[in-house]
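To start, the structure itself, in structure tokens.
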Amino acid sequence: MSDSNLTQFLTWEPHTSIETTKALIHNLIDAQQNDKGYHWCICLNDEIIGLASLIDVKRKIRTWTLNRAELSYWIGTHYQGKGYATEACQKIIKFGFSNLNLHKIIVAHAAENVESKSICNKLNFIQYSYEHDAFQKNGTWSDLIWYEKMEARDES
Ligand SMILES: CC(C)(COP(=O)(O)OP(=O)(O)OC[C@H]1O[C@@H](n2cnc3c(N)ncnc32)[C@H](O)[C@@H]1OP(=O)(O)O)[C@@H](O)C(=O)NCCC(=O)NCCS
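Under our numbering, the residues of the sequence shown are numbered 17 to 172, in order.
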């Protein structure tokens, strides 16, 4: 998580100390215990090579039932392009629908993030929105492309 090549399109900056990483792990555990987010280390043999998550779990708004979450993922730069993110996300999506009682999973990527776009397509997500100037990072505004997948339409 200290690799600056990883974070161009992510919401966080490279970690500069082990304390930052420990605090993150603490937050992830806390989110999971409170049904706010679920996180999986992606492991190759004994090494953690990435993280994939179902974040921002929303169960209800007043009388509306939502049961939705957002998929997010990263793979260490040395391990990219080998299908690991796609493989991990396929399992996580299944788990989300079967075990977490989710009805919908959404995912978004910066318009320039072609690797992430490829994953969304391989996972059979359906694009539902193109958001202009969705976020600014390092002084530049980026567009976000949003996708959704419903429980009944999960064929992966
Ligand atoms: C996005 C990311 C998770 C992909 O992980 P990965 O394990 O390499 O993903 P996969 O190997 O399963 O698939 C990568 C796809 O990107 C494609 N790809 C890689 N470089 C590419 C490029 N320059 N142009 C177009 N497609 C590209 C690969 O060909 C592959 O698609 P294919 O199977 O259709 O050929 C990884 O690049 C990453 O961690 N990036 C930084 C963090 C990030 O952007 N996370 C997503 C935020 S929305």
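Just so you know, even glycine gets a beta-carbon here, dropped at the ideal spot from N, CA and C.
Notebook entry, point to check: How would you write the range of the beta strand (DSSP E) that ALA124 sits in, first residue to last?
Noted result: 120-126
Next item on the list: Could you check the C-alpha separation between ASP149 and SER114 for me, to the nearest Å?
Entry: 35 Å
Checklist line | Distance, ASN140 Cα to ILE122 Cα | finding: 12 Å
Item checked: Burial state of LYS98 (16 or more Cβ within 10 Å) -> exposed
Checklist line | Among TYR163, GLU147, GLU164, the one whose alpha carbon lies nearest that of LYS157 | finding: Residue 157 is actually Trp in this sequence, not Lys. Among TYR163, GLU147, GLU164, the Cα nearest to that of TRP157 belongs to GLU147.
Note to self: Quick check: LEU70 and HIS55, are their CB atoms within less than 9 Å of each other?
What the structure shows: yes
Notebook entry, point to check: From ASN137 to LYS120, what distance separates their C-alpha atoms?
Noted result: 16 Å
Note to self: Which residue marks the beginning of the beta strand (DSSP E) containing LEU70, and which one marks its end?
What the structure shows: 63-77
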